[in-house]
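Visitor: Can you keep this structure in mind? I'll have questions shortly.
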Amino acid sequence: MPNILEEIVEQTVIDLRKRKQERSFSDLGDLELFERESRDFGEALQLENDVAVIAEIKKASPSKGLIREDFDPQRIAAQYQEGGASAISVLTDEPAFKGSLKYLETASKEVSIPLLRKDFIVEPYQVKEAKAFGADAVLLIATITDGHQLQELLHAAKEFELQALVECYSEEDFEYVNFEHVDILGVNNRDLRTFDVDLHRGVELLHKAPEDTVLVSESGLSSATDLQFLLERNIDAALIGEYFMRQENPGEAVSAMKSELQNLITTETK
Ligand SMILES: O=C(O)c1ccccc1NCC(=O)[C@H](O)[C@H](O)COP(=O)(O)O
81 MPNILEEIVE
91 QTVIDLRKRK
101 QERSFSDLGD
111 LELFERESRD
121 FGEALQLEND
131 VAVIAEIKKA
141 SPSKGLIRED
151 FDPQRIAAQY
161 QEGGASAISV
171 LTDEPAFKGS
181 LKYLETASKE
191 VSIPLLRKDF
201 IVEPYQVKEA
211 KAFGADAVLL
221 IATITDGHQL
231 QELLHAAKEF
241 ELQALVECYS
251 EEDFEYVNFE
261 HVDILGVNNR
271 DLRTFDVDLH
281 RGVELLHKAP
291 EDTVLVSESG
301 LSSATDLQFL
311 LERNIDAALI
321 GEYFMRQENP
331 GEAVSAMKSE
341 LQNLITTETK
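Positions 81 to 350 (our numbering) are the ones given, in order, by the sequence shown.
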């Protein structure tokens, strides 16, 4: 596992320990949103002649520090939905990303499109927490788990009626992924040792998944040309955070990127 992930997970586990002392696993089931019916994340990512955009609510990151000063998760969620995002990813990790479960809860009450909890999930407690704060899907990072742990987390996701986006960074991570239980695969284009982004490498890895897997390209995407690159290679969805968060109206930026992609497609088929 790259060092940066080791550091993030170490802090996440300390933070998680505190939350578990404040609220037990069974008490999570008493929270208001726990009974809410999940929205279909996987289905939302499968569009005809288009790339679904998973727009991310991301205040800060370890590589860039504070990304957005004027940060109102409720407004951003509403703008993303209005701009045509297919789903929203909410970073809930506090130590490294200044995220919060409260942002997830706020977004869940604001929009009707599916929500992904983006965090560093290592225990079933965090999966139940995702459900209790309004998520429809969880990100499970293969490289921070072993095969057994990943299976346990996938099982928890199923129990709480959440879908799972399983994320790989490298070919070695595929060892832990049992595709009989994984329908949605993401590959992170960012090399965590150098922070360099390589879309070609990401797509190459995604194509190693079985044919009916929903494929998601993650990180470093910032233009309609990037989406066109993905569309031409049969990638279903793009997870985009920093680029949208740096725009004045993140939702208008989603809408502009999606229309530009359609223009590019039409121009090239003329
Ligand atoms: O964003 C980071 O710096 C980062 C560093 C270490 C581990 C994960 C990291 N990001 C999480 C993500 O995967 C991204 O937030 C997500 O894919 C969106 O990426 P981007 O569009 O580049 O903000």
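Using N, Cα and C, we set each Cβ at its ideal position, and we do this for glycine too.
Does DSSP classify G145 as helix, strand or coil?
Guide: Three-state DSSP puts G145 in a strand.
Visitor: Closer than 6 Å: is that where the CB of I315 sits relative to any heavy atom of ligand 1?
Guide: No.
Visitor: On the CB-based measure, 16 or more other CB atoms within 10 Å of its CB, does G145 come out buried or exposed?
Guide: Under this definition G145 is an exposed residue.
Visitor: Confirm the yes/no value for this check: CB of G300, any heavy atom of ligand 1, distance under 6 Å.
Guide: Under cutoff, so the answer is yes.
Visitor: Taking just the CA atoms, how far does R148 sit from T172?
Guide: Each residue's alpha carbon lies about 15 Å from the other.
Visitor: Tell me the rounded alpha-carbon separation between F177 and N343.
Guide: The straight-line gap from Cα to Cα measures roughly 35 Å.
Visitor: According to DSSP, is I224 helix, strand or coil?
Guide: Here I224 sits in helix by DSSP.
Visitor: Of all the CB atoms in chain D, is at least one closer than 7 Å to the CB of E112?
Guide: Among the protein chains of the structure shown there is no chain D, as only one such chain exists.
Visitor: Confirm, please, whether the CB-CB distance from I134 to L319 is below 7 Å.
Guide: Taking 7 Å as the Cβ cut-off, L319 and I134 qualify as a contacting pair.
Visitor: So for Q243, helix, strand or coil by DSSP?
Guide: Reduced to three states, the DSSP call for Q243 is strand.
Visitor: Do S303 and ligand 1 come close, with the Cβ less than 6 Å from some heavy atom?
Guide: No - ligand 1 has no heavy atom lying nearer than 6 Å to the Cβ of S303.
Visitor: Would the C-beta of P330 count as close to ligand 3, meaning under 6 Å from any of its heavy atoms?
Guide: Looking at this structure, you won't find ligand 3 anywhere; what it does contain is ligand 1.
Visitor: Assess, as a yes-or-no matter, whether the segment 252-265 is touched by the segment 302-310 under the definition of 3 or more beta carbon pairs within less than 8 Å.
Guide: Flag = no, the segment 302-310 and the segment 252-265 do not touch.
Visitor: Measuring CB to CB, does G163 end up less than 7 Å from V334?
Guide: It is a contact, given that the beta carbons lie within the stated cut-off.
Visitor: So, do the segment 102-111 and the segment 209-219 have three or more beta carbon pairs nearer to each other than 8 Å?
Guide: In short, these stretches touch, since the Cβ pair count reaches three.
Visitor: Measure from the alpha carbon of Q159 to the alpha carbon of each residue in R281, S339, Q327, T346, then state which is nearest.
Guide: Nearest of R281, S339, Q327, T346 to Q159, Cα basis: Q327.
Visitor: If we call anything under 7 Å between Cβ atoms a contact, is L85 one with I224?
Guide: Cβ distance < 7 Å, so L85 and I224 count as in contact.
Visitor: If you count every other CB in all the chains shown that lies within 10 Å of the CB of G227, and 16 or more means buried, which is it?
Guide: Exposed, by the Cβ-count rule.
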